[in-house]
Ligand code: SAM
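In the numbering used here, the protein residues as written are 1 to 282.
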């Protein structure tokens with residue numbers, strides 16, 4: 001039985017054998033700590049099917065395969081395909097798709113996996129240069145995906161779970177907290193990667209709230225409210241609705257003071273605000 005891919009020795013062996021170097025443009029940092037990948041996989045609810053984004057040389061993929069009925073992994077770097085095929089050949093439940101995840105038909109993919117395997121969740125060590133677009137694709141994707149467990153930069157992770165009134169609280173925090181319960185499962189030091197990035201990381205888990213539906217108007221309003229952080233909500237809203245009087249009426253109806261700033265509003269307050277905007281539409 002060979003060592004896990006995530007072990008330092010095996011990672012080194014693989015990189016040497018295939019003459020691979022990490023490509024910065026693809027955000028490649030390979031995990032070299034077996035306990036980190038095992039813990040992430042264990043927490044990810046991957047027992048049905050699991051979608052992975054960016055398998056790299058397969059360290060997390062392997063741990064998912066040990067716990068899941070089916071692993072579907074999207075990788076954009078074609079150099080990695082032969083490596084993954086060879087190094088993961090002992091597992092018959094792994095499917096590698098050579099494609100930019102941002103271009104895949106997520107809805108079709110999830111529907112197909114759900115029909116075959118019951119549950120479909122997501123687990124990935126994300127390429128940091130595309131963290132936000134990938135997460136928004138997942139947030140706006142099919143509701144069947146109940147758990148998204150991802151490694152992100154620690155600072156980005158703080159933003160997702162930030163509370164109102166703190167400097168990290170942003171449109172991103174509101175959007176993710178509306179749709180998900182967000183938990184930081186654990187932090188991962190930069191030394192757990194090869195090459196080692198300049199920042200520490202964290203494993204964040206998003207658990208979809210059953211009662212929430214995504215309404216694009218709501219998210220537009222949230223983004224507009226934070227448009228200029230230093231401005232009051234009233235000023236941002238005035239620009240968004242294009243009418244000062246209407247903006248004032250909306251705030252009053254939502255029970256908000258004109259001097260309040262977006263970063264002070266919790267999710268429930270944004271929902272009230274959205275209702276008031278809808279009721280005052282022309
Ligand atoms: N999962 C591996 C690990 O933990 O060691 C590698 C993680 S590395 C941070 C990110 C991986 O995502 C790389 O393999 C990279 O090639 C891949 N990647 C980058 N952009 C991608 C995209 N748009 N779609 C799919 N994979 C992508």
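Virtual Cβ for every residue (Gly too), placed ideally from N, Cα, C.
Buried or exposed, going by whether 16 or more other CB atoms sit within 10 Å of the CB of residue i?
i	result
residue 116	exposed
residue 16	exposed
residue 55	buried
residue 79	exposed
residue 33	buried
residue 8	exposed
residue 61	buried
residue 186	exposed
residue 230	exposed
residue 149	buried
residue 63	buried
residue 225	buried
residue 76	buried
residue 198	exposed
residue 89	exposed
residue 44	buried
residue 262	buried
residue 47	exposed
residue 87	buried
Within the continuous beta strand (DSSP E) that includes residue i, where are the two ends?
i	result
residue 147	147 to 153
residue 125	120 to 125
residue 202	201 to 208
residue 98	94 to 98
residue 75	70 to 75
Might you give, ordered along the chain, the residues of its own chain that have their beta carbon closer than 6 angstroms to the beta carbon of residue i, omitting 5 neighbours on each side?
i	result
residue 254	272, 273 and 276
residue 223	171
residue 188	36 and 201
residue 128	27 and 153
Just to confirm my understanding: we take residue i, look at its own chain, exclude 5 residues before and 5 after, and list those with CB closer than 7 angstroms. What are they?
i	result
residue 53	74, 101, 124, 126 and 134
residue 160	172, 173, 176, 182 and 204
residue 247	234, 237, 238 and 241
residue 207	146, 147, 180 and 181
residue 137	102 and 106
residue 216	none
residue 184	157, 161, 202 and 204
Would a C-beta distance cut-off of 7 angstroms place residue i and residue j closer than the cut-off?
i	j	result
residue 59	residue 83	no
residue 41	residue 120	no
residue 12	residue 3	no
residue 31	residue 193	yes
residue 157	residue 264	no
residue 110	residue 142	yes
residue 91	residue 65	yes
residue 267	residue 178	yes
residue 113	residue 98	no
residue 195	residue 22	yes
residue 96	residue 57	no
List the endpoints of the continuous alpha helix (DSSP H) containing residue i.
i	result
residue 172	171 to 179
residue 43	34 to 43
residue 57	Looking at the DSSP string, residue 57 is not in any alpha helix (DSSP H), and its letter there is neither H nor E.
residue 228	Looking at the DSSP string, residue 228 is not in any alpha helix (DSSP H), and its letter there is neither H nor E.
residue 133	131 to 139
residue 82	80 to 87
residue 17	8 to 17
residue 103	Per DSSP, residue 103 belongs to no alpha helix (DSSP H) and is neither H nor E.
residue 277	267 to 279
residue 244	244 to 253
Looking only at its own chain, which residues have a Cβ that is under 8 angstroms from the Cβ of residue i, when we skip the five neighbours before and after it?
i	result
residue 93	65, 68, 69, 70 and 71
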